[in-house]
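Undergrad: Take any residue in the sequence shown, count from 1 to its spot, add 13: that is its number in the numbering used here. For every residue, glycine included, the Cβ atom is placed at its ideal position computed from N, Cα and C.
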Amino acid sequence: MVRKNPSESNILTFLINNSYLFKGLDEKELSAFLPPDSLTREKLFSNRPVFTAFSPDEDLDSLYVVLEGGPIILRSNPLDRILSLTYSGGCFGMRSLPFSHGLATKAYPSLVEAYKTTYVTKIPLDALKQIYDHFEVMGDRYAKLFELREKFTYHLLNCSSYPPQAVASLLRALIYQERELENQPNEKGVYILDLAVEVIAKACQLNQRTVEQVLKGMQKEGLIKLDKNNSTSDDVIHILQPEELKEVYSATRDKVSWWPLK
14 MVRKNPSESN ILTFLINNSY LFKGLDEKEL SAFLPPDSLT REKLFSNRPV FTAFSPDEDL
74 DSLYVVLEGG PIILRSNPLD RILSLTYSGG CFGMRSLPFS HGLATKAYPS LVEAYKTTYV
134 TKIPLDALKQ IYDHFEVMGD RYAKLFELRE KFTYHLLNCS SYPPQAVASL LRALIYQERE
194 LENQPNEKGV YILDLAVEVI AKACQLNQRT VEQVLKGMQK EGLIKLDKNN STSDDVIHIL
254 QPEELKEVYS ATRDKVSWWP LK
């Protein structure tokens with residue numbers, strides 16, 4: 014979704030209006046824990062590591078909130094598979110914080126990086142704990158962030174070797190995630206994602222040429238629209254029929270008539 018660029022002077026307002034974790038909180042109460050002048054807008058450059066998640070005996074000291082750009086991706090090794098994507102309004106880093114559900118979240122070291130230039134703000138751990146204790150709604154919202162990571166992985170587990178189903182699995186994962194985070198859809202019911210072919214390929218374990226053919230097939234069927242003339246990115250995908258994608262998501266080889274390879 015298109016939002017105004019948050020400047021350092023209105024980061025708190027952005028959080029209250031657009032970030033799932035802080036949306037709708039009282040600005041005056043929140044500013045007691047997050048003084049506006051303490052919040053900075055940091056730039057993360059594309060293809061640069063941000064941190065390594067799940068490093069043994071290494072914890073983060075802040076939660077990251079995406080203000081603009083992205084997505085932020087989590088890569089596994091050695092297959093270089095993308096395991097999560099975070100867009101504007103979302104948070105990342107919570108599973109590497111020594112706090113709440115992060116204390117029980119263990120996994121293998123995985124690289125976190127900005128796939129494209131991204132602007133973030135960091136919420137210090139001490140402030141996050143105080144906000145968590147002060148606002149009752151924060152408990153459920155913070156738990157939801159962990160739940161969404163698990164459900165995203167579940168969708169990726171359903172990425173079969175059948176390309177249409179694999180790509181649909183990723184799109185359905187993002188639809189569910191962005192809807193639960195209240196970021197999307199827009200007023201027309203359309204989900205708009207900056208989603209490069211390379212990202213889809215690495216999430217679904219397909220080659221890029223195959224992904225391109227699947228996207229063209231989906232566009233021909235009216236499920237999506239590829240917005241190559243977008244002013245900000247050539248990778249923008251409009252998901253026009255999110256519910257109809259369920260049929261592709263659950264399809265076997267004989268159910269998708271528009272895919273030429275059987």
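Do the CB positions of R108 and F165 come within less than 9 Å of each other?
TA: Here residue 108 refers to the residue found at position 95 of the sequence shown. Here residue 165 refers to the residue found at position 152 of the sequence shown. No, the pair does not count as a contact, with Cβ atoms beyond the cut-off.
Undergrad: Leaving out the 5 sequence neighbours to the left and right, which residues in its chain are closer than 8 Å to E211 when beta-carbon positions are compared?
TA: If you number the sequence shown from 1, residue 211 lands on position 198. Excluding residues within five positions, the ones whose Cβ falls inside 8 Å are Q221.
Undergrad: Inspect the beta-carbon positions of F159 and T99 and report whether they are closer than 9 Å.
TA: In the sequence shown, counting from the first residue as 1, residue 159 sits at position 146. In the sequence shown, counting from the first residue as 1, residue 99 sits at position 86. No, the pair does not count as a contact, with Cβ atoms beyond the cut-off.
Undergrad: Output the distance between the C-alpha atoms of D139 and Y77, rounded to the nearest integer angstrom.
TA: Reading the sequence shown from its first residue, position 126 is the one you call residue 139. Reading the sequence shown from its first residue, position 64 is the one you call residue 77. C-alpha separation (whole angstroms): 14 Å.
Undergrad: Residue range of the beta strand (DSSP E) that A216 falls in?
TA: Translated into positions along the sequence shown, residue 216 becomes position 203. No beta strand (DSSP E) contains A216, which is instead part of the alpha helix (DSSP H) from 210-217.
Undergrad: Just reading off the beta strand (DSSP E) that R2 is part of, what are its end residues?
TA: Nothing can be reported for residue 2, as the shown portion of the chain is limited to 14 through 275.
Undergrad: Within a Cβ cutoff of 7 Å, which residues of the same chain sit near L208, ignoring the five residues on either side of it in sequence?
TA: Walking along the sequence shown from the start, residue 208 turns up at place 195. So the qualifying residues of the chain are D248, I250.
Undergrad: Where S89 and Y121 are concerned, what is the direct C-alpha to C-alpha distance, given to the nearest angstrom?
TA: The count along the sequence shown starts at 1 and reaches residue 89 at position 76. The count along the sequence shown starts at 1 and reaches residue 121 at position 108. Each residue's Cα considered, the two are about 8 Å apart.
Undergrad: Once you ignore the five residues that flank L25 on each side, which residues in its own chain have a CB closer than 7 Å to its CB?
TA: Your numbering for residue 25 matches position 12 in the sequence shown. Closer than 7 Å at the Cβ level, and outside the excluded window around L25, lie E40, L43, S44, L47, P49, L52.
Undergrad: Going by Cα to Cα distance, which pick from P62, T130, K157 is closest to G83?
TA: As a working note, residue 83 is residue 70 in the sequence shown. Comparing Cα positions, the closest option is T130.
Undergrad: Can you tell which of E81, D70, N199 has its C-alpha closest to the C-alpha of F58?
TA: Reading the sequence shown from its first residue, position 45 is the one you call residue 58. The shortest Cα separation from F58 among E81, D70, N199 belongs to E81.
Undergrad: Would the beta-carbon of G102 fall within 9 Å of that of E195?
TA: Residue mapping note: residue 102 aligns to position 89 of the sequence shown, counting from 1. Residue mapping note: residue 195 aligns to position 182 of the sequence shown, counting from 1. Contact flag set, yes.
Undergrad: Could you compute how far the alpha carbon of A186 sits from the alpha carbon of H168?
TA: For the purposes of this step, residue 186 is taken as the residue at position 173 of the sequence shown. For the purposes of this step, residue 168 is taken as the residue at position 155 of the sequence shown. Distance between the alpha carbons of A186 and H168: 6 Å.
Undergrad: Tell me which residue opens and which closes the beta strand (DSSP E) that G37 is part of.
TA: Counted from its first residue, the sequence shown places residue 37 at position 24. Per DSSP, G37 belongs to no beta strand (DSSP E) and is neither H nor E.
Undergrad: Using beta-carbon positions only, say whether K135 and E55 come within less than 9 Å of one another.
TA: The residue you call residue 135 lines up with position 122 of the sequence shown. The residue you call residue 55 lines up with position 42 of the sequence shown. Yes. Within cutoff.
Undergrad: In chain order, what residues of the same chain have a beta carbon less than 6 Å from the beta carbon of I205, not counting five sequence neighbours either side?
TA: Locating residue 205 in the sequence shown gives position 192, where the first residue counts as 1. Excluding positions up to five away in sequence, the list reads H251.
Undergrad: Identify which residue in L170, A264, K215 has its Cα closest to the Cα of P91.
TA: Against the sequence shown, residue 91 aligns to sequence position 78. Ranking the options by Cα distance to P91, first place goes to K215.
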